[in-house]
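Following: one structure in structure tokens, then a few remarks.
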Amino acid sequence: MNIRIDQTLAEQMTGITAAEKVVTLFDYMERRGQSFYDESVTQLQHACQCANQARLHDGSGTQVASALLHDIGHFLLDEHNAESDFLEEDQNHEEVGADYLEPFFPEAVITPIRLHVPAKRYLCTTDASYYDGLSEASKRSFRVQGGGMSDKERTAFERIPHYEDALQLRRWDDLAKVRGLETPAIDTYREIVQACLK
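Here the sequence shown is numbered in the numbering used here, starting from 92 and rising by one per residue.
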């Protein structure tokens, strides 16, 4: 597996003010987020829909930031280009994104991002109806990402701080794939994300 991670964003976010970091991050997401996440929405639309779900459900600032940034690994890997089928090959976008953002954000933001794929595996294992409600794209990626959890995996997952936030993020993630849905633009979250920076 040949994984190429775009390093330009981290370089651009180093040595600048908090406000400039958010501008740089959002500009990057707007540039890289125009490819389609699945058949319904672009990556940027998916991110904004997910953040809007967090906002509508009175999520904390860190929950909203996690929701907006949870798939940044897809942006960095450019998995949705014509050269790669991210549904057939797991490139661990959740780990890539969490590792990449870790120098800039606290664990309350990073851990749900890191766990949002295991959270899908957890929910599919513990809630029989959850899998049935997934999109076809999510069902395909679920199989690639390891399928259901063993009892040992589930117990270990439940011991991780912020795992409940990861489960909530996962549910918002699943609701954030609605074609044509009007949501607030990414700039709506500028102050929230800036407040979450280390």
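Don't be surprised by glycine CBs; every beta carbon is placed ideally from N, CA and C.
Looking only at DSSP bridge pairs, what is residue i linked to?
i	result
Phe-127	Thr-133
Measure the CB-CB distance between residue i and residue j and report whether it falls below 7 Å.
i	j	result
Leu-225	Ala-158	no
Leu-160	Tyr-191	no
Glu-303	Val-208	Look at the range of the chain in this structure, 92 to 289, and you will see that residue 303 is not part of it.
Val-284	Ala-156	yes
Lys-112	Met-104	yes
Gln-144	Trp-263	yes
Leu-288	Phe-195	yes
Leu-272	Ala-210	no
Grouping DSSP H, G and I as helix and E and B as strand, with all else coil, what is residue i?
i	result
Met-104	coil
Val-269	coil
Phe-196	coil
Ser-226	coil
Asn-143	helix
Arg-250	coil
Gly-150	coil
Asp-218	coil
Ala-211	It should be noted that the sequence gives Lys, not Ala, for residue 211. Three-state DSSP puts Lys-211 in a helix.
Met-120	helix
Phe-177	Residue placement at Phe-177 is poorly supported in this model, since its pLDDT is 45, which falls under 50; the coordinates still yield a value, given next. Of the three classes helix, strand and coil, the one that applies to Phe-177 here is coil, per DSSP.
Ala-276	coil
So is residue i buried or exposed if we call it buried at 16+ other beta carbons inside 10 Å?
i	result
Asp-176	Model confidence at Asp-176 stands at a pLDDT of 47, short of 50, so the residue's coordinates are unreliable; what they give is reported in the following sentence. Exposed, by the Cβ-count rule.
Leu-147	exposed
Val-123	Residue 123 is actually Arg in this sequence, not Val. The residue in question, Arg-123, is buried, as its Cβ has 16 or more Cβ neighbours within 10 Å.
Thr-153	buried
Thr-108	exposed
Ala-219	exposed
Ile-201	buried
Ser-151	exposed
Pro-197	exposed
Gln-98	exposed
Could you round the C-beta distance between residue i and residue j to whole angstroms and report it? I think they count as a contact, below 8 Å.
i	j	result
Ser-229	Asp-265	7 Å
Tyr-213	Arg-245	6 Å
Cys-139	Ala-276	7 Å
Pro-203	Asp-256	5 Å
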